[in-house]
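*Asks:* Sharing a structure below in structure tokens format, with a few things to ask.
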Amino acid sequence: MSDGAAADDVLRAPLVIEYPFRRTTGPVIGAFLTGLREQVLIGIRGADGRVIVPPVEYDPVTSEDLTELVEVGPAGEVTTWAWVTDPHPKHPLDRPFAWVLVRPDGADTAMLHALDAGSPEAVRTGMRVAPRWRAEREGAITDIECFVPEAGP
Amino acid sequence: MAELTLPASIAGVEPVRSVRTPAHLDYQFTAGEATSRFLRGIAERRILGERCPVCEKVYVPPRGACPTDGVPTAEQVELPHEGTITSFCVVNVAFYGQAMEIPYVSALILLDRSDLPIMHLIQEVAADEVRVGMRVEAVWVPDDELAPTLESIRWFRPTGEADVAVDMPGEGEGTGLGSWPELSPGSGA
Amino acid sequence: MRDVAIIAFAQSEHRRRVDDRNEVEMLMPVVGEVLASAGMTMDDVGFTCSGSTDYLAGVAFSFVMTLDGVGPWPPIQESHVEMDGAWALYEAWVKLQLGDVDTALVYCYAKSSPGDLPMVMTRQLDPYSVAPLWPDAVSLAALQTRAAIDAGRVTVEAMAEVAARSRRDAMGNPKAQLAWDRPAADLLAEPETVAPLRRHDCPPISDGVAAVVLAAADAARGRASRPAWIRGIDHRVEPMALGLRDLTDSPSTRLAAERAGLHDGPVEVAEVHAPFTSQELILRAALGLDGDTVVNPSGGALAANPMMTAGLVRIGEVARRISDGEHRRGVAHATSGPCLQQNLVCVLEGDT
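Okay, here's the thing in structure tokens:
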């Protein structure tokens, strides 16, 4: 197989693919997204009593229907994080930020979002964070612009 | 599904039932060797097929391989700009991105001396006069608009020659459009 | 159970960008090589199964186009998985168990260079709560790595050792894309890219192709002097939600290894599909590998990581070493999805 360097005779063209999807949510994911629109985080109680967020339709262990939606957070604790020095244009923030898994208060699992923290020195596992809500919300994960460090005591 | 219980904060509000999840992905497509050879020919007003060294069928546009024998098709064959309609449809429905006025005819055209029809438009004839077996020829854009794209052929139009009987390539093996003759073991290759 | 063996393996050289060939042009030489190595033509192949995803190059139904490269007419018995070729091999193995065919061709390919691969791969994530944030594959691996460091299961020093060993071993692999010899200590002086990951912790983006031929029992013995017998094969999946998983461990790999009978004998060689250095450490623990096992002598996915292909390459690399007589028993592992979401374990043995 030859290298691209020898491929000057090959034609190239930009190719743009757009998926203009609108997806139906079902009532459980719908409740989570409804909560985002209303500035609350919604989880669901699993068969063993754990609260799972974002909520899932079926118990991850027993696969039985889950029905008890509960409010959690919206503040919570960082369970792991990664620092992005050079954000991609598609990323949630246009300046260096941290990806975080956040376990909202009252929940037993964590959810992914961005954390606007200024510098990696300001981030650590276990730190307290809270969502920064967008002014215009439509019922989407991006209704949270990002998480931010919770104001000190 | 079982009845859900909602927390008070969302119990009385209109629920979200769907969400927009648009995605936009940018690619830099590369045509590969065979398609590049074909498109460079088109930019010179030439239609270049490629012949399988085993079964000797001529494929256009070439993809670089013979689907029967799984071998590269390296020998280029310059093809005439005339061919025969082997199947067609009349498009009466408008759709997003459509460049043609409806109704228009999209056809499979078997270029003379080739073994696989290409798809292109039929114009300069009323849609209800297009027939399987009709002889057609390529109508090219002016020289200064020629480019490595199949759009350098604007469409095909009738030559006025007498219709010919359509003998679909490979029909005995089941490639005839709309037909699916029974295969006997070991037929074809 | 029917005895099924890998009797031939071939792969392309893996490159960052193969511009001059489309997928079928990339595939044909490798399929030709693997069939010739097995002493077969397509007429001798009972079942063909491929693995790929059209999202990589943005070419819809490219897997149908690549079938032209194997000569699918008159119609062959054929299937395709939107997965790594290791899962295509699994389907072919099941097909051979059914007993109506004796041989199978498995191939897979990646042409990732036309797109923005880390962003393309976000399309496999939960479409409601994760994919709209566009968390790229490197970022997700970085989250997993931090969790593993916090849990005391991984250190950046051990990760640098994995990076240095893999790229050094890759210098002996003519198909590898990324090969160099630098001491691990030097690597830690490099800046973090997506902290805690450094550049050396990440795989290259690769265009490449791989293929194997499987044969059952007598068909294998008749065509290969030393078949690499599949003694056990199993695959398992973790929950989709990252927050539901223990990212510092790979319980699906552990279970697949148990079901595949990994621990029924010594493991002389392991090819582990770990695109990121920390993932090799997590997988070693899940597979229970100790110092007696040679791990990733090919350089692994850190030396070349063609999507949908690097897993089958792991199986082929172990099979080749068994057929060569270099080892008698080994394990290959393949992964798919973010942070080791799905895992396949294949135990291979040569005749004594």
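Residue numbers (my numbering), protein chains in the order written: chain A, 1 to 153; chain B, 1001 to 1189; chain C, 2001 to 2352.
We put the CB at the ideal spot given by N, CA and C, even for glycine.
Could you spell out the range, first to last residue, of the beta strand (DSSP E) harbouring A/Glu18?
*Replies:* Residues Arg12 to Thr24.
*Asks:* If the cut-off is 7 Å on Cβ atoms, which residues from the stretch 2115-2137 of chain C count as contacting chain A, listed in chain order?
*Replies:* If the cut-off is 7 Å between Cβ atoms, the stretch 2115-2137 of chain C has Met2119, Pro2127, Tyr2128, Ser2129, Val2130, Pro2132, Leu2133, Trp2134, Pro2135 and Asp2136 near chain A.
*Asks:* Compare the C-beta of C/Leu2255 against all C-beta atoms of chain B and say whether one is closer than 8 Å.
*Replies:* No, no contact with chain B.
*Asks:* I'd like to know if the stretch 2105-2116 of chain C and the stretch 2032-2050 of chain C are in contact, where contact means that at least 3 CB-CB pairs between them fall below 8 Å.
*Replies:* Touching, yes, given that three or more Cβ pairs across the two stretches are closer than 8 Å.
*Asks:* Are there three or more Cβ pairs, one per stretch, closer than 8 Å when the stretch 2217-2230 of chain C is compared with the stretch 2001-2020 of chain C?
*Replies:* Contact holds: three or more Cβ-Cβ distances are below 8 Å.
*Asks:* Is the beta carbon of C/Leu2302 less than 8 Å from the beta carbon of C/Ala2163?
*Replies:* Yes. Within cutoff.
*Asks:* Which of the three DSSP states is assigned to C/Lys2175 in this structure?
*Replies:* The answer is coil: DSSP assigns C/Lys2175 none of H, G, I, E or B.
*Asks:* Put B/Val1016 into one of helix, strand or coil per three-state DSSP.
*Replies:* Note: B/Val1016 maps to coil in three-state DSSP.
*Asks:* May I have the straight-line CA-CA distance separating A/Pro54 from B/Gly1083, to the nearest angstrom?
*Replies:* Taking the straight line joining both Cα atoms gives about 60 Å.
*Asks:* Is B/Gln1028 close to chain C, meaning its C-beta is less than 8 Å from at least one C-beta of that chain?
*Replies:* Closer than 8 Å to some Cβ of chain C, the Cβ of B/Gln1028 qualifies, so yes.
*Asks:* For B/Thr1021 and chain C, any beta-carbon pair shorter than 8 Å?
*Replies:* Yes, its Cβ sits closer than 8 Å to a Cβ of chain C.
*Asks:* Given 8 Å as the limit, is there contact between the stretch 67-79 of chain A and the stretch 32-41 of chain A, that is, 3 or more CB pairs closer than that?
*Replies:* Touching, yes.
*Asks:* Once you ignore the five residues that flank C/Ala2257 on each side, which residues in its own chain have a CB closer than 6 Å to its CB?
*Replies:* Within the same chain, C/Ala2257 has close Cβ partners Leu2287 and Val2345.
*Asks:* Within the same chain, show all residues whose beta-carbon is closer than 8 Å to that of C/Arg2321, passing over the 5 residues directly before and after it, in chain order.
*Replies:* Cβ neighbours of C/Arg2321 beyond the five flanking positions: Val2269, Pro2297, His2327 and Gly2330.
*Asks:* Please say whether A/Leu101 and C/Gly2243 have beta carbons closer to each other than 8 Å?
*Replies:* The answer is yes: Cβ separation under 8 Å.
*Asks:* CB-CB under 8 Å to C/Thr2352, same chain, minus the five flanking residues each way: which ones, in chain order?
*Replies:* Hits under 8 Å: Arg2328.
*Asks:* Along the stretch 119-134 of chain A, where does the CB come closer than 7 Å to a CB of chain C? Name the residues.
*Replies:* Answer in chain order: Pro120 and Thr125.
*Asks:* Where does C/Ser2323 fall in DSSP's three states?
*Replies:* Here C/Ser2323 sits in helix by DSSP.
*Asks:* Would you list, in chain order, the members of the stretch 2066-2080 of chain C that have their beta-carbon closer than 8 Å to a beta-carbon of chain B?
*Replies:* If the cut-off is 8 Å between Cβ atoms, the stretch 2066-2080 of chain C has Leu2067, Asp2068, Gly2069, Val2070, Gly2071, Pro2072, Trp2073, Pro2074 and Pro2075 near chain B.
*Asks:* Determine, using beta carbons only, whether A/Leu93 comes closer than 8 Å to chain C.
*Replies:* No, its Cβ sits nowhere closer than 8 Å to a Cβ of chain C.
*Asks:* What residues in its chain sit with their C-beta under 6 Å from that of B/Val1107, if we drop five residues either side in the sequence?
*Replies:* Per the sequence shown, the amino acid found at residue 1107 of chain B is Ala instead of Val. Closer than 6 Å at Cβ, skipping near neighbours: Ile1085, Phe1088 and Ile1122.
*Asks:* Considering only residues of the same chain and omitting the five flanking positions on each side of B/Pro1080, which have a CB-CB separation below 7 Å?
*Replies:* So the list reads Leu1111, Asp1112 and Arg1113, once near-sequence residues are dropped.
*Asks:* Helix, strand or coil, according to DSSP, for C/Glu2271 in the structure here?
*Replies:* Reduced to three states, the DSSP call for C/Glu2271 is strand.
*Asks:* Going by DSSP, what residue range makes up the alpha helix (DSSP H) through C/Gln2144?
*Replies:* Segment Ala2137 to Asp2150, the alpha helix (DSSP H) holding C/Gln2144.
*Asks:* Using the beta-carbon of each residue, which ones in chain D are nearer than 8 Å to B/Pro1067?
*Replies:* Of the protein chains in the structure, A, B and C, none is chain D.
*Asks:* Which term fits C/Gly2325, buried or exposed, when burial requires 16 or more other beta carbons within 10 angstroms of its beta carbon?
*Replies:* C/Gly2325 is exposed by the Cβ-count criterion.
*Asks:* At a Cβ cut of 8 Å, what residues of the stretch 1060-1088 of chain B count as close to chain C, listed as they run along the chain?
*Replies:* From the stretch 1060-1088 of chain B, only Arg1063, Gly1064, Ala1065, Cys1066, Pro1067, Thr1068, Asp1069, Gly1070, Val1071 and Pro1072 have a Cβ closer than 8 Å to chain C.
*Asks:* So is A/Ser119 buried or exposed if we call it buried at 16+ other beta carbons inside 10 Å?
*Replies:* With fewer than 16 Cβ atoms within 10 Å of its Cβ, A/Ser119 is classed as exposed.
*Asks:* Nearest by alpha-carbon distance to B/Cys1055: which of B/Leu1039, B/Asp1069, B/Thr1005 and B/Tyr1096 is it?
*Replies:* Selected option, being the one with the closest Cα: B/Asp1069.
*Asks:* Name the DSSP bridge partner or partners of C/Gln2011?
*Replies:* For C/Gln2011, which the question treats as bridged, DSSP gives the partners C/Ala2210.
*Asks:* I need the straight-line Cα distance from B/Cys1052 to C/Ala2179, nearest angstrom please.
*Replies:* Cα to Cα, the separation comes out at about 39 Å.
*Asks:* Please tell me whether B/Val1136 and B/Ile1109 are closer than 8 Å, where the distance is taken between their beta carbons.
*Replies:* In contact: B/Val1136 and B/Ile1109 (Cβ atoms closer than 8 Å).
*Asks:* Tell me C/Gly2330's beta-bridge partners as DSSP assigns them.
*Replies:* Looking at the DSSP assignment, C/Gly2330 forms a beta bridge with C/Val2269 and C/Leu2348.
*Asks:* With contact counted as at least three CB pairs below 8 Å, one residue from each stretch, are the stretch 100-115 of chain A and the stretch 2236-2251 of chain C in contact?
*Replies:* Touching, yes, given that three or more Cβ pairs across the two stretches are closer than 8 Å.
*Asks:* C/Thr2066 and C/Leu2125 look like a contact to me (Cβ under 8 Å); what is the Cβ gap, rounded to whole Å?
*Replies:* Not quite, the Cβ-Cβ distance comes to about 26 Å (not below 8 Å), so this is no contact.
*Asks:* A/Thr25 touches chain B at which residues, Cβ-Cβ below 7 Å?
*Replies:* Chain B residues near A/Thr25: Val1016, Arg1017, Ser1018 and Val1019.
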